[in-house]
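If you read the protein sequences in the order shown, they are chains A and B. Residue numbers are given in our numbering: position 458 of the first sequence equals residue 458, and the series is strictly consecutive. Residue numbers are given in our numbering: position 518 of the second sequence equals residue 1518, and the series is strictly consecutive.
There are 2 protein chains.
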Amino acid sequence: MDQHHGSNPTWQETARLAQARRDGSIAAVEPAVPAVPEEPPWNVSALPRALLPAAQVAVTEAAPEELVAGLAAGRLRSVAVTGAFLGRAGVAQRLANCVTELLPAAALARARELDDHLAAHGTPVGPLHGLPVSVKEHIAIAGLGLNAGFVAWWHRRAAADAAIVTLLRRAGAVLYARTTEPQTLMHLETSSNLYGDTVCPFNRRLTAGGSSGGEGALLGLRGSCLGVGADIGGSIRSPAANNGVYGLRPTSGRLPLGGLAATMLGQEQIVPVVGPLSTSLGGIKMFMKALLDQKPWLADPSLVPLPWRDDRDWLAKGGHGHGHGHGARRLKIGVLWDDGVVKPHPPVTRALREVCDQLRGRPGFELVDWLPYRHDHAWDILSALYFPDGGAEETAAIDASGEPWRPLSRFIIKEQPGRKALTVPEVWAWTRKRDDYRVRYLERWNATAAVDGDPDTAVDVILCPAGPGAAPPLNHARYWGYTAQWNLLDYPALVFPVTKVDPDQDGALADYEPMNDQDAWNHRLCGLTPFPNNKKIKI
Amino acid sequence: MDQHHGSNPTWQETARLAQARRDGSIAAVEPAVPAVPEEPPWNVSALPRALLPAAQVAVTEAAPEELVAGLAAGRLRSVAVTGAFLGRAGVAQRLANCVTELLPAAALARARELDDHLAAHGTPVGPLHGLPVSVKEHIAIAGLGLNAGFVAWWHRRAAADAAIVTLLRRAGAVLYARTTEPQTLMHLETSSNLYGDTVCPFNRRLTAGGSSGGEGALLGLRGSCLGVGADIGGSIRSPAANNGVYGLRPTSGRLPLGGLAATMLGQEQIVPVVGPLSTSLGGIKMFMKALLDQKPWLADPSLVPLPWRDDRDWLAKGGHGHGHGHGARRLKIGVLWDDGVVKPHPPVTRALREVCDQLRGRPGFELVDWLPYRHDHAWDILSALYFPDGGAEETAAIDASGEPWRPLSRFIIKEQPGRKALTVPEVWAWTRKRDDYRVRYLERWNATAAVDGDPDTAVDVILCPAGPGAAPPLNHARYWGYTAQWNLLDYPALVFPVTKVDPDQDGALADYEPMNDQDAWNHRLCGLTPFPNNKKIKI
Chain A
1 MDQHHGSNPT
11 WQETARLAQA
21 RRDGSIAAVE
31 PAVPAVPEEP
41 PWNVSALPRA
51 LLPAAQVAVT
61 EAAPEELVAG
71 LAAGRLRSVA
81 VTGAFLGRAG
91 VAQRLANCVT
101 ELLPAAALAR
111 ARELDDHLAA
121 HGTPVGPLHG
131 LPVSVKEHIA
141 IAGLGLNAGF
151 VAWWHRRAAA
161 DAAIVTLLRR
171 AGAVLYARTT
181 EPQTLMHLET
191 SSNLYGDTVC
201 PFNRRLTAGG
211 SSGGEGALLG
221 LRGSCLGVGA
231 DIGGSIRSPA
241 ANNGVYGLRP
251 TSGRLPLGGL
261 AATMLGQEQI
271 VPVVGPLSTS
281 LGGIKMFMKA
291 LLDQKPWLAD
301 PSLVPLPWRD
311 DRDWLAKGGH
321 GHGHGHGARR
331 LKIGVLWDDG
341 VVKPHPPVTR
351 ALREVCDQLR
361 GRPGFELVDW
371 LPYRHDHAWD
381 ILSALYFPDG
391 GAEETAAIDA
401 SGEPWRPLSR
411 FIIKEQPGRK
421 ALTVPEVWAW
431 TRKRDDYRVR
441 YLERWNATAA
451 VDGDPDTAVD
461 VILCPAGPGA
471 APPLNHARYW
481 GYTAQWNLLD
491 YPALVFPVTK
501 VDPDQDGALA
511 DYEPMNDQDA
521 WNHRLCGLTP
531 FPNNKKIKI
Chain B
1001 MDQHHGSNPT
1011 WQETARLAQA
1021 RRDGSIAAVE
1031 PAVPAVPEEP
1041 PWNVSALPRA
1051 LLPAAQVAVT
1061 EAAPEELVAG
1071 LAAGRLRSVA
1081 VTGAFLGRAG
1091 VAQRLANCVT
1101 ELLPAAALAR
1111 ARELDDHLAA
1121 HGTPVGPLHG
1131 LPVSVKEHIA
1141 IAGLGLNAGF
1151 VAWWHRRAAA
1161 DAAIVTLLRR
1171 AGAVLYARTT
1181 EPQTLMHLET
1191 SSNLYGDTVC
1201 PFNRRLTAGG
1211 SSGGEGALLG
1221 LRGSCLGVGA
1231 DIGGSIRSPA
1241 ANNGVYGLRP
1251 TSGRLPLGGL
1261 AATMLGQEQI
1271 VPVVGPLSTS
1281 LGGIKMFMKA
1291 LLDQKPWLAD
1301 PSLVPLPWRD
1311 DRDWLAKGGH
1321 GHGHGHGARR
1331 LKIGVLWDDG
1341 VVKPHPPVTR
1351 ALREVCDQLR
1361 GRPGFELVDW
1371 LPYRHDHAWD
1381 ILSALYFPDG
1391 GAEETAAIDA
1401 SGEPWRPLSR
1411 FIIKEQPGRK
1421 ALTVPEVWAW
1431 TRKRDDYRVR
1441 YLERWNATAA
1451 VDGDPDTAVD
1461 VILCPAGPGA
1471 APPLNHARYW
1481 GYTAQWNLLD
1491 YPALVFPVTK
1501 VDPDQDGALA
1511 DYEPMNDQDA
1521 WNHRLCGLTP
1531 FPNNKKIKI
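Below, the structure is given as structure tokens:
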């Protein structure tokens, strides 16, 4: 696969350039990023805390909403906070391989500007004043690279900031770190020939998830408290789940997509969205509010003019869309234990059960079982519509440099049964199936009122697994159903941390009978996954 | 072209069936619909008033919001109002050929139910209680035909009501008339082999516009006061303009499209919308509010959860999105005199001038010129994306019955320079051009602040021609630019009546130089159009 045509670099040469640029950017951080052990343990989650000064640990482990409060009040300086995250991001890179480059010079210059502004005017420039925010690589920052995980695209440079970056800058954010993504962007892992594999800090034999796995691992190691990813099939949620942080896939039409590098631009049957990952729920809400308060729909005609709705009061007020608005009511939660295609691994089911057990004890909540509706059919639609050109653009972008196909690129582009180049009328036929599925699903949503005997309320939210298991071994994230389902429906979806795998509690499934080949495969995976007892790992 | 394969009817036989069904439905109206003159004058707009009893004229010429007020208060009975409109619609059909069928039995039964409900409960069933509403044929009514202007589809029957019809019924509307549409639905006229041409009641040598031309002519003759059309390139607005009534093309994602018959279902690059035509502005607003107050987004996942916004107060309050919200402000109107491709005929320009002259004298308004931005490029995008299969579905639907191609079907499907079957990547490329055009246009919108020297306000609204001229002679509506432009941009667009052609005022253009072939063609059309002096026509 090593090619050399005239003056064109080989893919390996390009990868070395990419990694040298990354390493150089980390070497420029001051004070110097501490070295990590040459042979780190499988679980490196406690290492940054051991390697960094206590003050730096305190700053980087604070919730983003606390940092913003301190920055706006002048109790914290952005230069100090940004420096703290630059250092910890450097450590995170060395432990989980999650960063494509750090931006110490630009970030600290901006931080200093913001500190000066606050000192001069006494007011912050915006709701994210001085907060360091990390950004996935394919989201453009003017003048920097934009490769979407393709070696052949590595030399491309962004002419302008992505629209979401513009909104972040206006809100006062400091952009200091860019994070890894997989070849094609279409893995639920983060594996590329430019940077290799991004790994899970809780067990480096496992994947950090993807495609925003750089963000996931960076946040999991607290090298960032708020970052931006993108999601067309689980790419924000899988890394959030695998790294124990929060991740939101907003509905499409909320946040602007302008300036994202990807193949198949102009495809609108299954659309990507950008959204936040954060170490706190407050960070997610702060991000959405800070951006939507800028009314991005006034500049992007594809967006819907809807403000961020923080409806914490609706339970008390009874003002919900489905209800009749008389007095307080309960939040009605439909629990999807199993999607009917692939049975979740025991720790996932235990996590669901723990959440339900906690909610059952509280007066404001009502739990009902939510039965799956043709999730296998949903995947048929998705896999036909993800690559309506049969993967031609991805194939061209991979083959242009001679780089090898990563296993999960091959899986999603070449090994899906429904995958082929479609004609325009075939795209319409699949789009009609998509729309019909969306209508049927919403009918079921509304019909829960009748099923449950309460004519006043459909469910308010579905609680479900974020994946078929905890983080799998590298190159094994082959079941997208638990996340991609909500992309097909274009529902907003939030992942939040609940628990970790515990081998003492999470045994084998009793009386397991495979439902189908995918299910059997996922079940075998459960046995393959090494579950280290986190408590026993020392550095 | 007369074909007869075995037991299949010829297209002429099907057309005779269609017309017999229509005529039978009108014959069932009681009291009998009055006969019209065997050779009616070119201008028949005054005939219904001359042919019908004064009480019937009074009811059918009332504004829909007045009728609803009377119906809700019990001053009017729905049976009487529905009967009045059934009779006048029958007259309108005989004068302008605008109806596919009347529904006297079903409408009067429903009207009686509503009257009984009000008598029993003292409250209306909804905001349109008892109001007769007309509906374009391809919008499904359960059990009735659904042909989209194709002879071959005439035998199709709707299994269920269209979603918009369900909303109308829930609001209390009485569905009593179905109206004509052109072959393919893709004309700005209303010409089919099932029913022939729908003509303009002010001059029967001219077109009623289209594709909702049946609605337009029916409303123009006051055989309806509120009707439902659909619009993908001007199909609500052209008939509103040609018949002197109001018509609104809402933004997509507002009103549900479920249950509309058309080709190319699943196409989403340029989407159709449904919307109202009315004899009053109040009717348009009432329609939108009555439907959106039902939160149709709870049943249709393609819709946006945005209520109807009646922002009459924002000028006084200064609470507009673009402004900073301090005190009262003016409505800033950008006037597009000419789209830079085809110069409007003199009566259109005079109408614009008359509106501007009236607005200039009022304190709450500010007028600025709005310069066109590449409307020719906009049409290139539209004409590529209207038929991405090269018109294959339309061709099949026309040819299935052996019916002849109507001239404007041929024009829009076979004679557009850019027309061809596209590959999926070609669709993406055009979609990117569409999105880029939308972004550039919005940049100009926002930039008017700078152009105009007022940093606080972009324009609020564009005032522009609803077409390149008044209603043209049959088969001459070949320039879509003035309406289709807003479909490409997906902006809401309202047509309202201003004036009529007046040969004494509307002379030839001075110093006319054609800008291009389309412009020259439109200019010649102006000379061809017979402008009768309405005042001189007697019945």
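Glycine included, every Cβ here is placed at the ideal spot set by N, Cα and C. Bear in mind that the values here come from a model prediction, so they are computed numbers and not experimental data.
Identify every residue that forms a DSSP beta bridge with A421(A).
In the first sequence, residue 421(A) corresponds to position 421, counting from 1. Listed as beta-bridge partners of A421(A) by DSSP are D389(A).
When the distance is taken between beta carbons, is I284(A) closer than 8 angstroms to Y246(A)?
As a working mapping, residue 246(A) is identified with position 246 in the first sequence. As a working mapping, residue 284(A) is identified with position 284 in the first sequence. Contact: yes.
When we look at the beta-carbon of S1078(B) and count the other beta-carbons within 10 Å, is it buried (16 or more) or exposed?
Position 78 of the second sequence, counted from the start, is the residue given in the question as residue 1078(B). Buried is the call here.
Please list the partners that A429(A) has in chain B, where partner means a Cβ-to-Cβ separation under 7 angstroms.
Translated into the one-based positions of the first sequence, residue 429(A) becomes position 429. In chain order: G1266.
I'd like to know whether the C-beta atoms of G1213(B) and T1198(B) end up nearer to each other than 8 angstroms.
As a position in the second sequence, residue 1213(B) is number 213, starting the count at 1. As a position in the second sequence, residue 1198(B) is number 198, starting the count at 1. Their beta carbons are under 8 angstroms apart, which means G1213(B) touches T1198(B) by this criterion.
Can you grab the Cα-Cα spacing for the pair T1349(B) / A1050(B), in whole Å?
Residue 1349(B) sits at position 349 when you count from the first residue of the second sequence. Residue 1050(B) sits at position 50 when you count from the first residue of the second sequence. Within the model, the alpha-carbon separation for T1349(B) versus A1050(B) is close to 33 angstroms.
State yes or no: is the beta carbon of D1310(B) nearer than 8 angstroms to at least one beta carbon in chain A?
Walking along the second sequence from the start, residue 1310(B) turns up at place 310. For D1310(B), no CB of chain A lies under 8 angstroms from its own CB, so it is not counted at the interface with that chain.
Any Cβ of chain A within less than 8 angstroms of the Cβ of H1304(B)?
On the second sequence, position 304 is the one that residue 1304(B) refers to. First, the residue type needs correcting, since residue 1304(B) is Val and not His in the sequence shown. It does; some Cβ of chain A falls within 8 angstroms.
Looking only at C-alpha atoms, which of L1408(B), P1037(B) and L1052(B) sits nearest to Q1183(B)?
Here residue 1183(B) is taken as the residue at index 183 of the second sequence, counted from 1. Sorting L1408(B), P1037(B) and L1052(B) by C-alpha distance to the C-alpha of Q1183(B) places L1408(B) at the top.
Can you find a C-beta in chain B that's less than 8 angstroms from the C-beta of N446(A)?
Position 446 of the first sequence, counted from the start, is the residue given in the question as residue 446(A). Yes, N446(A) counts as interfacial toward chain B.
Below 7 angstroms on C-beta distance, what does D1389(B) contact in chain A?
As a position in the second sequence, residue 1389(B) is number 389, starting the count at 1. Here the neighbours are V424 and P425.
So E1181(B) is in the beta strand (DSSP E); what residue range does that whole segment cover?
Here residue 1181(B) refers to the residue found at position 181 of the second sequence. The continuous stretches of beta strand (DSSP E) do not include E1181(B), and DSSP gives it neither H nor E.
Helix, strand or coil at G553(A) [DSSP, three-state]
Only positions 1 to 539 of chain A appear in this structure, which leaves residue 553(A) out of reach.
N-terminal and C-terminal residue of the alpha helix (DSSP H) that N203(A) is part of
Mapped onto the first sequence, residue 203(A) falls at position 203. That residue, N203(A), is in no alpha helix (DSSP H); its beta strand (DSSP E) goes N203 to T207.
P1124(B) versus T1166(B): straight-line alpha-carbon distance, rounded:
Here residue 1124(B) corresponds to residue number 124 of the second sequence, with the count starting at 1. Here residue 1166(B) corresponds to residue number 166 of the second sequence, with the count starting at 1. Between P1124(B) and T1166(B), the C-alpha separation is close to 17 angstroms.
Excluding sequence positions up to five away, which residues of its chain have a Cβ less than 8 angstroms from the Cβ of P1104(B)?
Locating residue 1104(B) in the second sequence gives position 104, counting from the first residue. Excluding positions up to five away in sequence, the list reads S1025, A1028, V1029, E1030, L1086 and Y1176.
Which ranges would you report for the beta strand (DSSP E) in the segment 1344-1420 of chain B if only whole runs of at least 3 residues count?
Segments of the beta strand (DSSP E) lying fully in the segment 1344-1420 of chain B: 1365-1369.
Using a Cβ-Cβ cut-off of less than 9 angstroms, give me the residues of the segment 1432-1443 of chain B that come near chain A, in sequence order.
Within the segment 1432-1443 of chain B, the residues whose Cβ lies closer than 9 angstroms to some Cβ of chain A are R1432, K1433, R1434, D1435, R1438, V1439, Y1441, L1442 and E1443, listed in chain order.
Continuous alpha helix (DSSP H) assignments of at least 4 residues falling wholly in the segment 93-179 of chain A:
104-121 and 163-171, all fully within the segment 93-179 of chain A.
Is A55(A) buried or exposed, if buried means 16 or more other CB atoms sit within 10 Å of its CB?
On the first sequence, residue 55(A) is found 55 positions in, with the first residue counted as 1. Flag for A55(A) reads exposed.
Using DSSP's beta-bridge definition, name the partner residues of A230(A).
Start at 1 with the first residue of the first sequence, and residue 230(A) comes out as number 230. DSSP, once it has assigned bridges, lists V274(A) as partnering A230(A).
Chain A within 8 angstroms of L1382(B), Cβ atoms only:
Here residue 1382(B) corresponds to residue number 382 of the second sequence, with the count starting at 1. L1382(B) is outside the set of residues whose beta carbon lies under 8 angstroms from a beta carbon in chain A.
C-alpha gap between S1007(B) and V1174(B), whole angstroms:
On the second sequence, residue 1007(B) is found 7 positions in, with the first residue counted as 1. On the second sequence, residue 1174(B) is found 174 positions in, with the first residue counted as 1. Each residue's alpha carbon lies about 38 angstroms from the other.
So who's on the other strand from S191(A), going by DSSP bridges?
Residue numbering aside, residue 191(A) sits at position 191 when the first sequence is read from its first letter. Its beta-bridge partners are D197(A).
Which residue marks the beginning of the alpha helix (DSSP H) containing L1051(B), and which one marks its end?
What you label residue 1051(B) is simply residue 51 of the second sequence in a count that begins at 1. L1047 to L1051 is the extent of the alpha helix (DSSP H) around L1051(B).
What does the Cβ neighbour count give for A1140(B), buried or exposed, with the cut at 16 atoms within 10 Å?
If you number the second sequence from 1, residue 1140(B) lands on position 140. The residue is buried, with at least 16 neighbouring Cβ atoms inside 10 Å.
For V1033(B), the nearest candidate out of L1102(B), A1046(B), A1020(B) and N1043(B) (CA to CA):
One-based indexing of the second sequence puts residue 1033(B) at position 33. Comparing Cα positions, the closest option is L1102(B).
Taking beta-carbon pairs under 9 angstroms, can you tell me which members of the segment 1283-1304 of chain B lie near chain A?
Sequence-ordered contacts of the segment 1283-1304 of chain B with chain A read K1295, W1297, L1298, A1299, D1300, P1301, S1302 and V1304 [C-beta pairs closer than 9 angstroms].
How big is the Cα-Cα spacing for V495(A) and A240(A)?
Translated into the one-based positions of the first sequence, residue 495(A) becomes position 495. Translated into the one-based positions of the first sequence, residue 240(A) becomes position 240. Rounded to whole angstroms, the separation of the alpha carbons of A240(A) and V495(A) is 6 angstroms.
Step through the CB atoms of chain B and report whether any lies within less than 8 angstroms of the CB of H320(A).
Stepping through the first sequence from its first residue, residue 320(A) is reached at position 320. With a pLDDT of 43 at H320(A), under the threshold of 50, the modelled position of this residue cannot be trusted; read the value that follows with caution. No, H320(A) does not count as interfacial toward chain B.
Going residue by residue through the segment 1447-1498 of chain B, where are the continuous alpha helix (DSSP H) segments of at least 4 residues, counting only ones entirely within it?
The alpha helix (DSSP H) runs lying completely inside the segment 1447-1498 of chain B and spanning 4 residues or more are 1481-1489, given in chain order.
Over what stretch of residues does the beta strand (DSSP E) that includes R249(A) continue unbroken?
Position 249 of the first sequence, counted from the first residue, corresponds to residue 249(A). Element bounds for R249(A): Y246 to R249.
So for G585(A), helix, strand or coil by DSSP?
Here chain A covers residues 1 to 539 and nothing more, so residue 585(A) does not appear.
Is D1506(B) near P1346(B), with beta carbons less than 8 angstroms apart?
Translated into positions along the second sequence, residue 1506(B) becomes position 506. Translated into positions along the second sequence, residue 1346(B) becomes position 346. Result yes, Cβ atoms of D1506(B) and P1346(B) sit closer than 8 angstroms.
Check V540(A) in the structure and name its three-state DSSP category.
Nothing can be reported for residue 540(A), as the shown portion of chain A is limited to 1 through 539.
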